[in-house]
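By our numbering, the letter at position 80 of the sequence shown is numbered 80, and the numbering carries on one by one without gaps. Notes follow the structure.
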Amino acid sequence: MTPQVLAEELAKFLEQAHEAYTPSDPKISGRRMQCIPGYLPERTAQTAQTAIFPYIAVRVNEVHDDADDRNESTATVHIIIGTYCTANDDGWLEIVNLLESTRQAMLKQRTIANKFRLRGALDAVIPSEQPRPVWVAVLTATYSIKDIREELTY
1 MTPQVLAEEL AKFLEQAHEA YTPSDPKISG RRMQCIPGYL PERTAQTAQT AIFPYIAVRV
61 NEVHDDADDR NESTATVHII IGTYCTANDD GWLEIVNLLE STRQAMLKQR TIANKFRLRG
121 ALDAVIPSEQ PRPVWVAVLT ATYSIKDIRE ELTY
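In structure tokens:
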């Protein structure tokens with residue numbers, strides 16, 4: 001349950017960090033950043049192509065228990081950032097700016113919900129091939145999470 005709580009709390013934090021964000025494309029202007037723990041809702045035939053944008057999805061990718069060395073557990077999350085921009089000259093800038101604002105927010109506040117501490121470096125990738133007018137980036141981060149204590153029976 002702890003990795004799930006990390007994803008939920010990180011999504012809340014990132015939503016607050018992007019309160020002032022305004023998309024540049026007229027098709028999605030005025031929309032707030034959606035920060036979702038887990039996966040985006042499935043798109044249906046009735047859903048407009050632009051309905052999910054802009055978004056940040058926080059997904060738990062890996063959990064590692066290191067009880068022998070540090071008595072600590074970690075969770076690695078992928079933070080998928082997506083926006084929609086039909087102007088090719090501006091689309092790449094918009095995703096770079098979103099990635100950078102996300103990265104800066106996470107580095108300025110390394111502890112989330114007084115429970116989860118950012119460990120090590122952040123890794124960011126903007127795939128070279130983009131499904132334009134959709135623009136996507138992925139940020140990978142590892143957080144310390146509560147470790148599970150062994151229950152001893154005597």
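Ideal Cβ placement from N, Cα and C applies to all residues, glycine included. Just so you know, these numbers come straight off a predicted model, no measurement behind them.
Relative to the Cα of V138, the nearest Cα in the group I148, L122 and S29 belongs to L122.
The region 37 to 52 makes no contact with the region 109 to 121, as fewer than three CB pairs between them are under 8 Å. In this structure, A75 keeps its C-beta atom at 9 Å or more from the C-beta atom of L99. Comparing C-alpha distances from M106 to each of G120, E94 and L93 shows the shortest one belongs to G120. In this structure, C85 keeps its C-beta atom at 9 Å or more from the C-beta atom of D147. For Q49, there is no enclosing alpha helix (DSSP H), as DSSP gives it neither H nor E.
Residues A11, L14, E15 and I56 of the same chain have their beta carbon placed closer than 6 Å to that of C35, with the five preceding and five following residues left out of the count. Burial state of G38 is exposed, judged by a 10 Å Cβ sphere holding fewer than 16 other Cβ atoms. A Cβ-Cβ distance of about 7 Å is found for the pair A141 and I79, placing them in contact under the 8 Å criterion.
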